[in-house]
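Engineer:
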Amino acid sequence: MKLSQPSAEIWTPDGTEENDALGHVTHMAITAHQDDVEIMALDGILAGFGNRGFMAVIATDGAGSPRAGRYASYSDEQMQLVRRLEQKKAAFVGEYSAVAFLDHSSAAVKDGSDPAPKHDLKTILTACHPEIIYTHNLADKHDTHVAVALQTIAAIRELPQERHPKKLYACEVWRDLDWLVDSDKVVFNLGKCENIATSLVGVFDSQIAGGKRYDLAAMGRRRANATFLQSHVVDAAEWVDFGMDLMPLIQNPQLDPAEYIQTFIQRFAEDVNRRIERFSFSKK
Ligand SMILES: [Zn+2]
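Residue 8 is where the sequence shown starts when you use the working numbering, and the numbers rise one by one after that.
Pasting the structure below:
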């Protein structure tokens, strides 16, 4: 496979040949950074666990990562190596079919005039055919995350219809999706997988070492999502990730992503207002 960056890599944890690995892919996550996949797309990782069905695609090179502790003096080049190795450790733990390191700078992903990131995504999505794709959500507060979601949508829109996934989900990292009205939530029940899930995030030592406990936070969010989903019934699952359905943006290529996310925000606003309006004493 020909990717645009000389340092790009398709890595297979079990050492199988690239085409063989890609042929197994049923679930794929397309994210900005190393460790985003493990925080947001556990549903897909678990679906592919034991059958090499899951592939991670990492758009950026990790050069701009924050660093602290024993990584504080690392150069950008050293951090890139560390983060790539950590992502490979996670892929090994999660029995991924493959990881694609596209190795773009953050700036290139955010710069709409650079066609390379979208072109690389199209190359990968032409080489394999995942039924389910997970990417960042359009209300995320990290610019590179939103840019990757938009690049993913744009890449899929340019594929022939028979190459489209059956599902495209937006997921939680730098802003969760608890605010969606319940009927808008895609609920991923994650079952009993604590050992795998904690290991997947725990291998990213360079991100956790500085005191950012992504391992605890991601697991805590799942627990909170499960418990606070419905107030009047017992928890149906111990862990839940929330997603948002992005398929309408694929089915209707004219639909503006900004308009689309506004419809969710509007339903949230109406839900809040309706509840307050119900109690007329609030106006006195
Ligand atoms: Zn990220």
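Every residue gets a Cβ at the ideal spot worked out from N, C-alpha and C, and that includes glycine.
Since the structure is predicted, the reported quantities are computational estimates derived from the model, not experimental observations.
1. In angstroms, rounded to a whole number, what distance separates the CA positions of Ala94 and Asp183?
2. Leaving out the 5 sequence neighbours to the left and right, which residues in its chain are closer than 7 Å to Asp222 when beta-carbon positions are compared?
3. Mapping DSSP to helix, strand and coil, what is Gln250?
4. Can you tell me which of Val155, Val100, Phe249 puts its alpha carbon nearest to the alpha carbon of Ala66?
5. Taking 7 Å as the line, does the beta carbon of Leu153 fall inside it for any heavy atom of ligand 1?
6. Taking Asp150 and Lys117 to be in contact with their CB atoms under 8 Å, please state how far apart those CB atoms are, rounded to whole angstroms.
7. Quick test of the definition: if touching needs 3 or more C-beta pairs under 8 Å, does the region 59–74 touch the region 95–107?
8. Near Arg170, which residues of its chain fall below 7 Å by C-beta distance, leaving aside the five closest residues on each side in sequence?
9. Hey, how far is the Cα of Pro73 from the Cα of Lys199?
10. If we call anything under 8 Å between Cβ atoms a contact, is Ile52 one with Gly101?
11. To the nearest angstrom, report how far apart Gly217 and Phe288 are at their CA atoms.
12. Determine the DSSP secondary structure at Val180, reduced to helix, strand or coil.
13. Around the C-beta of Lys9, are 16 or more other C-beta atoms found within 10 angstroms, so that it is buried, or is it exposed?
14. What are the partner residues of His143, as DSSP defines its beta bridges?
15. From Glu165 to Gln258, what distance separates their C-alpha atoms?
16. State yes or no: is the C-beta of Ala39 nearer than 7 Å to some heavy atom of ligand 1?
Structural biologist: Inspection of the coordinates gives the following:
1. Looking at the sequence shown, residue 94 is not Ala but Gln. Rounded to whole angstroms, Gln94 to Asp183 spans 22 Å at the Cα level.
2. Thr205, Val208, Gly209, Ile215
3. Inspection of the sequence shows that residue 250 is occupied by Gly rather than by Gln. Strand.
4. Val155
5. A small correction: the amino acid at residue 153 is Val; Leu does not occupy that position in the sequence shown. Checking every heavy atom of ligand 1 against the Cβ of Val153, none is found closer than 7 Å.
6. 6 Å
7. yes
8. Leu132, Thr133, His136
9. 32 Å
10. yes
11. 49 Å
12. strand
13. exposed
14. Cys178
15. 12 Å
16. yes
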